[in-house]
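To start, the structure itself, in structure tokens.
Number of protein chains: 2
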Amino acid sequence: MLLSKSCVYGLRASLYLASQDNGEYIPIRQMSEKLNISFHFLTKILQELSAADLMESYKGPNGGIKLARPGADISLMQIVIAIDGPELLTECALGLPGCGVEKSCPMHDMWAETRDSIHQMLEMTTLTQLAQKGKDMNLRLTPEGGFIWD
Amino acid sequence: MLLSKSCVYGLRASLYLASQDNGEYIPIRQMSEKLNISFHFLTKILQELSAADLMESYKGPNGGIKLARPGADISLMQIVIAIDGPELLTECALGLPGCGVEKSCPMHDMWAETRDSIHQMLEMTTLTQLAQKGKDMNLRLTPEGGFIWD
DNA sequence: AATAAATAAGACAAAATACTCTTAAATATT
DNA sequence: AATATTTAAGAGTATTTTGTCTTATTTATT
Numbered sequence: 000m001l002l003s004k005s006c007v008y009g010l011r012a013s014l015y016l017a018s019q020d021n022g023e024y025i026p027i028r029q030m031s032e033k034l035n036i037s038f039h040f041l042t043k044i045l046q047e048l049s050a051a052d053l054m055e056s057y058k059g060p061n062g063g064i065k066l067a068r069p070g071a072d073i074s075l076m077q078i079v080i081a082i083d084g085p086e087l088l089t090e091c092a093l094g095l096p097g098c099g100v101e102k103s104c105p106m107h108d109m110w111a112e113t114r115d116s117i118h119q120m121l122e123m124t125t126l127t128q129l130a131q132k133g134k135d136m137n138l139r140l141t142p143e144g145g146f147i148w149d
Numbered sequence: 000m001l002l003s004k005s006c007v008y009g010l011r012a013s014l015y016l017a018s019q020d021n022g023e024y025i026p027i028r029q030m031s032e033k034l035n036i037s038f039h040f041l042t043k044i045l046q047e048l049s050a051a052d053l054m055e056s057y058k059g060p061n062g063g064i065k066l067a068r069p070g071a072d073i074s075l076m077q078i079v080i081a082i083d084g085p086e087l088l089t090e091c092a093l094g095l096p097g098c099g100v101e102k103s104c105p106m107h108d109m110w111a112e113t114r115d116s117i118h119q120m121l122e123m124t125t126l127t128q129l130a131q132k133g134k135d136m137n138l139r140l141t142p143e144g145g146f147i148w149d
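So the protein sequences, as listed, match chains A and B. Note that the first sequence covers residues 0 to 149 in numbering that gives the first Met the number 0. Note that the second sequence covers residues 0 to 149 in numbering that gives the first Met the number 0.
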């Protein structure tokens with residue numbers, strides 16, 4: 000499993016927000032129902048993203064959550080690091096502490112390559128790119144197969 | 000985290016065995032001490048690999064475990080699938096069930112590419128290759144930085 | 001036959017992750 | 001001011017993963 004479940008939920012929520020007409024706050028409850036994610040659990044994840052300055056929340060009626068910046072300025076990498084931390088891109092494939100600093104493990108080089116391609120993928124892709132693609136091609140963002148409208 | 004801890008332990012043990020003069024059974028206790036992995040936990044993992052016909056065990060004095068086939072005929076992929084299952088190579092990056100069969104998620108294409116490069120890496124690499132590399136270059140297989148001898 | 005060395009198997013415990021529930025705080029509306 | 005709507009926070013539960021411990025079984029050696 001590449002990403003934790005929390006991280007995957009965070010990505011889906013981010014894409015949901017990036018697909019909305021931006022500016023206004025979206026209630027977490029609405030989003031949790033659309034995306035089929037437990038409301039309280041999603042709230043916690045979004046709090047992490049807010050703490051990382053990727054989202055902003057507002058309490059009270061008409062409150063909710065929104066992206067802190069245009070989706071074009073937020074990469075998938077930033078979401079992943081905010082939730083799962085940087086370990087995916089730093090850890091040894093064989094879990095050996097200090098691998099690479101002095102001695103490396105036998106998988107070091109090949110894993111560095113593969114890790115780079117994962118890094119590239121996450122770094123180069125913005126929320127807006129994927130949101131646009133999802134809208135244009137009517138792709139899936141929910142378990143049921145819908146995007147943000149249905 | 001790409002691979003589970005069990006899987007990483009399984010890979011390290013496999014590389015340890017592939018680095019030995021082949022043929023004889025290696026006691027699990029010895030291996031667990033060298034690799035700094037809990038003996039009973041490692042035993043369980045090796046049982047999974049035995050069940051997958053990747054290893055063979057023998058009870059009693061002079062017993063232990065060994066590769067069921069030459070290390071050159073066992074890829075990292077086989078170890079990974081035996082322990083973690085095929086999910087890494089089949090699952091949707093956003094965890095959406097049925098992604099790809101009818102509708103795809105917005106990450107589908109890019110994840111398919113990255114996944115392929117992971118697949119390639121694991122499929123193309125054999126235990127013997129890495130064991131040889133480890134011996135030749137005196138690389139790290141233990142937390143302390145040693146290979147199979149020290 | 002007895003003993004010792006090894007894996008097999010299963011119960012158990014601890015830790016991490018995933019998820020739920022309750023109460024508090026903020027804010028708009030009436 | 002009162003009420004309703006929303007996030008914040010923290011306690012609590014469930015599940016999965018990781019790790020430990022005990023007992024049984026197999027087999028070589030004496």
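We treat Cβ as the ideally placed atom computed from N, Cα and C, and that holds for glycine.
Residue state for E143 of chain B is assigned as coil, using DSSP reduced to three classes. H107 of chain A counts as buried, since no fewer than 16 other beta carbons sit within 10 angstroms of its beta carbon. Burial check for Y57 of chain A: the Cβ neighbour count within 10 Å stays below 16, so the residue is exposed. The DSSP-derived three-state label of Y24 of chain B is coil. The beta carbon of P105 of chain A sits closer than 8 Å to some beta carbon of chain B. Under the 10 Å beta carbon count, M123 of chain B is surrounded by fewer than 16 other beta carbons and is classified as exposed. Listed as beta-bridge partners of K65 of chain B by DSSP are B:E55.
For L95 of chain A, the CB contacts under 7 Å within the same chain, skipping 5 residues up- and downstream, are C104 in chain order.
Cβ proximity to chain A below 7 Å picks out M106, M109, T113, S116, I117, M120, T124, L129, K132, G133, L138 and R139 from the region 106-139 of chain B. When C-beta atoms of the region 76-85 of chain A are compared with those of the region 44-64 of chain A, three or more pairs fall below 8 Å, so the two segments count as touching. For D72 of chain B, there is no enclosing alpha helix (DSSP H), as DSSP marks it with neither H nor E. Residue burial annotation: Q29 of chain A is exposed, with fewer than 16 other C-beta atoms found within 10 angstroms of its C-beta. A contact between stretches requires three or more CB pairs, one per stretch, nearer than 8 Å, and the region 31-43 of chain A fails this requirement with the region 67-78 of chain A. Counting only Cβ-Cβ distances below 7 Å, E23 of chain A has no contacts in chain B at all, with the closest Cβ about 22 Å away. The beta carbon of T127 of chain B is closer than 6 Å to those of A17, G70 and A71 in its chain, skipping five residues each way along the sequence.
Secondary structure note for A130 of chain B: its alpha helix (DSSP H) is the uninterrupted segment L126 to M136.
Taking the CA atoms as reference points, K102 of chain A sits about 6 Å from R139 of chain B.
Straight-line measurement puts the Cα of T141 of chain A at about 13 Å from the Cα of S37 of chain A. At least one CB atom of chain A sits nearer than 8 Å to the CB of M0 of chain B.
Note that the C-beta distance between I44 of chain B and A92 of chain B is not below 8 Å.
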